[in-house]
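Q: The opening residue of the sequence shown carries number 626 in my numbering; numbering runs sequentially from there. Cβ atoms here follow ideal geometry from the backbone N, Cα and C, with glycine treated the same way. Every value quoted in this text rests on a predicted model; they were computed, and no experiment measured them.
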Amino acid sequence: MLSAGFAASCPETAWARIYQSFSDIASKAIPGVVNIRTKQFVSGRDALLDPYQFFLRGRVPRSNKNHSLGSGVIIDRKGFIVTNYHVIKGASSIDILFAKRKHKVKARIIGIDRKTDLALLKITPPFRLKPLDIGNSDWLRVGDIVLAIGNPFGFSHTVTSGIISAKGRVIGTGPYDSFLQTDASIHPGNSGGPLIDIKGRLIGINTAISSEGAGIGFAIPSNIVKTIISDLKKHGKVIRPWLGVIGKNIVSKDEMYDSHDPTGVYGVIIENLVIDGPAWKAGLRVGDLIMAMDDKKIFDINSLQKKLINKSPSERARMKVYRRQKGFVNITVPLEEIPPSQELPAEKDLF
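(1) Would you report the Cα separation of S717 and K731, rounded to the nearest angstrom?
(2) Could you tell me the distance, in whole angstroms, from the CA atom of I811 to the CA atom of G842?
(3) Excluding the 5 residues preceding and the 5 following N897 in the sequence, name in chain order all residues of the same chain whose CB lies nearer than 7 Å to its CB.
(4) Using the Cβ count rule (16 or more neighbours within 10 Å means buried), how would you classify W867?
(5) What is the DSSP secondary structure of A917, counted as helix, strand or coil?
(6) Report buried or exposed for V767, applying the criterion of at least 16 other Cβ atoms within 10 angstroms of its Cβ.
(7) Could you tell me if H782 is buried or exposed, where buried requires 16 or more neighbouring beta carbons within 10 angstroms of its beta carbon?
(8) To the nearest angstrom, how far is the alpha carbon of D802 from that of E940?
(9) Please return the same chain residues whose Cβ sits closer than 6 Å to the Cβ of K755, not counting the five positions on each side in sequence.
(10) In the structure shown, what three-state DSSP assignment does K932 receive?
(11) Are the Cβ atoms of S745 and I650 separated by less than 8 Å?
(12) For the candidate residues G818, F647, T832 and I759, whose alpha-carbon lies nearest to that of I721?
(13) Buried or exposed for I864, please, with buried defined as at least 16 other CB atoms from any protein chain shown within 10 angstroms of its CB.
(14) Hey, is the region 891 to 905 in contact with the region 815 to 834, meaning 3+ C-beta pairs nearer than 8 Å?
(15) Which parts of the region 935 to 959 are runs of the beta strand (DSSP E), unbroken and 3 residues or longer, counting only runs that do not cross its ends?
(16) Taking just the CA atoms, how far does I789 sit from L765?
(17) Cβ of A904 within 8 Å of Cβ of G861?
(18) Please determine, among I845, D925 and M944, the residue with the shortest C-alpha to C-alpha distance to D738.
(19) Can you check whether the CB of F780 is closer than 8 Å to the CB of P813?
(20) So is Q645 buried or exposed if we call it buried at 16+ other beta carbons inside 10 Å?
(21) Which complete beta strand (DSSP E) runs does the region 778 to 814 hold, if anything under 3 residues is left out?
(22) Applying the 10 Å Cβ sphere with the 16-neighbour rule, what's the burial state of S847?
(23) By the 10 Å Cβ neighbour count, where 16 or more other Cβ atoms means buried, how is F953 classified, buried or exposed?
(24) Would you say T783 reaches chain D, if we count a Cβ-Cβ gap shorter than 8 Å as a contact?
(25) Between G697 and the rest of its own chain, which residues show a CB-CB distance below 6 Å, the 5 nearest in sequence each way excluded?
(26) Taking the beta carbon of K945 as the centre, do at least 16 other beta carbons fall within 10 Å, making it buried, or is it exposed?
(27) What does a CB cutoff of less than 8 Å around L757 pick up in its chain, not counting 5 residues either side in sequence?
(28) Nearest to T785 by alpha carbon, out of L975, Y710, I823 and Q930?
(29) With DSSP run on the structure shown, which of helix, strand or coil describes I849?
Below is the structure:
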């Protein structure tokens with residue numbers, strides 16, 4: 626057994642230094658983080674009422690534009706950058722700025738995914754880039770130390786620290802909610818920037834903050850980011866299966882938060898169906914209660930979406946539903962690729 630005096634005389638370990646200072650981690654990660662500046666040119670709606678439209682034949686003057694700020698993460702040396710979709714939404718021009726360098730380059734959009742609020746950009750690298758390694762967000766534990774890096778209020782490459790406060794948070798932004806919650810300070814301008822672990826690996830994309838209090842921020846887990854990026858690189862869009870169902874949870878949010886395995890009634894009740902959608906053609910009907918898919922319990926919409934996202938449009942989903950006056954019914958649904966958003970009803974809980 627080592628004496629206290631011997632232990633005190635031993636040199637501190639690298640891990641001990643990490644907890645005293647995050648400087649080494651931050652300095653390693655900062656070159657992989659970029660500032661994103663967008664411009665959105667605004668045109669008048671009526672050429673007869675807008676003098677610019679009348680005299681300039683529809684050309685918008687350069688002063689008539691909106692600006693926005695955000696952050697992004699370099700994910701490889703070829704120039705791919707991931708950020709939030711809301712950072713570049715409606716942008717006419719996207720500029721990328723780097724840490725401690727005067728370079729400013731234009732980016733083009735490779736693909737977007739509105740449902741997860743992610744976007745993939747591409748630049749021509751002006752120098753050798755230093756991408757961030759992508760970690761495994763499933764390995765994170767509540768209480769793990771994390772750092773957030775971004776461009777809050779235009780203050781370039783700001784670093785804040787905190788912990789993972791919770792995992793799998795559903796905050797009502799859409800059917801694919803499964804956020805990491807952190808108390809690392811996140812502000813407007815941090816959107817699209819990285820949440821990193823103590824080894825400097827990307828484990829989340831900072832996306833949202835709570836309006837009800839400080840110290841509550843949310844990040845998209847890196848494992849979701851990896852899946853979305855892969856599809857955006859290959860196809861320019863995310864290839865998802867769908868059922869063509871509009872549903873709601875039969876268990877209240879409070880009951881879901883109290884227990885991950887409710888002993889009473891659970892599942893997703895079908896409120897409406899898209900005619901000629903996969904579920905309709907397979908025989909599912911309004912009022913059916915979806916209780917399992919592929920022999921796995923479905924407690925809520927979020928758990929159903931998580932199971933769907935892991936399937937391809939060419940696969941089948943075995944559904945266990947409860948139907949009034951008939952009891953339990955097993956229905957196999959041949960999945961299909963989800964149509965373009967403009968062809969779908971504007972329903973948040975459509976899947």
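A: In short, the structure shows the following:
(1) S717 and K731: Cα-Cα distance of roughly 11 Å.
(2) Taking C-alpha positions only, I811 is separated from G842 by approximately 6 Å.
(3) Only residues of its own chain outside the window of five on either side were considered, and among them I871 and V911 have a CB closer than 7 Å to the CB of N897, listed in chain order.
(4) By the neighbour-count rule (16 or more Cβ atoms within 10 Å), W867 is buried.
(5) A917: strand per DSSP, three-state reduction.
(6) Exposed, since its Cβ has fewer than 16 Cβ neighbours within 10 Å.
(7) H782 comes out buried.
(8) Rounded to whole angstroms, D802 and E940 show a C-alpha spacing of 23 Å.
(9) Residues of the same chain with a CB within less than 6 Å of the CB of K755, apart from the 5 flanking positions on each side, are P656 and G657 in chain order.
(10) Note: K932 maps to helix in three-state DSSP.
(11) Here the sequence assigns Leu to residue 745, which means Ser is not the residue at that position. Cβ atoms of L745 and I650: not closer than 8 Å.
(12) Selected option, being the one with the closest Cα: G818.
(13) With fewer than 16 other Cβ atoms within 10 Å, it is exposed.
(14) Taking 8 Å as the limit for Cβ pairs, the verdict is that the region 815 to 834 does not touch the region 891 to 905.
(15) Qualifying beta strand (DSSP E) stretches, in chain order: 941 to 948 and 952 to 959.
(16) L765 and I789: Cα-Cα distance of roughly 8 Å.
(17) Not closer than 8 Å, so no.
(18) Checked all of I845, D925 and M944; the closest Cα to D738 is I845.
(19) Taking C-beta atoms as the reference points, P813 and F780 fail to come closer than 8 Å.
(20) Burial call: exposed.
(21) Qualifying beta strand (DSSP E) stretches, in chain order: 783 to 794 and 804 to 807.
(22) By the neighbour-count criterion, in which a residue is buried when 16 or more other Cβ atoms sit within 10 angstroms of its Cβ, S847 is buried.
(23) The residue is exposed, with fewer than 16 neighbouring Cβ atoms inside 10 Å.
(24) Protein chains in the displayed structure number just one, and chain D is not present.
(25) Same-chain partners within the cutoff: V659, I661, I706, T708 and G817.
(26) Buried, by the Cβ-count rule.
(27) Excluding five sequence positions before and after L757, the CB atoms of its chain that fall closer than 8 Å to its own CB belong to A654, G657, V658, V698, I699, I700, P819, I821, G825, R826 and L827, given in chain order.
(28) When only C-alpha atoms are compared, the closest one is I823.
(29) Helix at I849.
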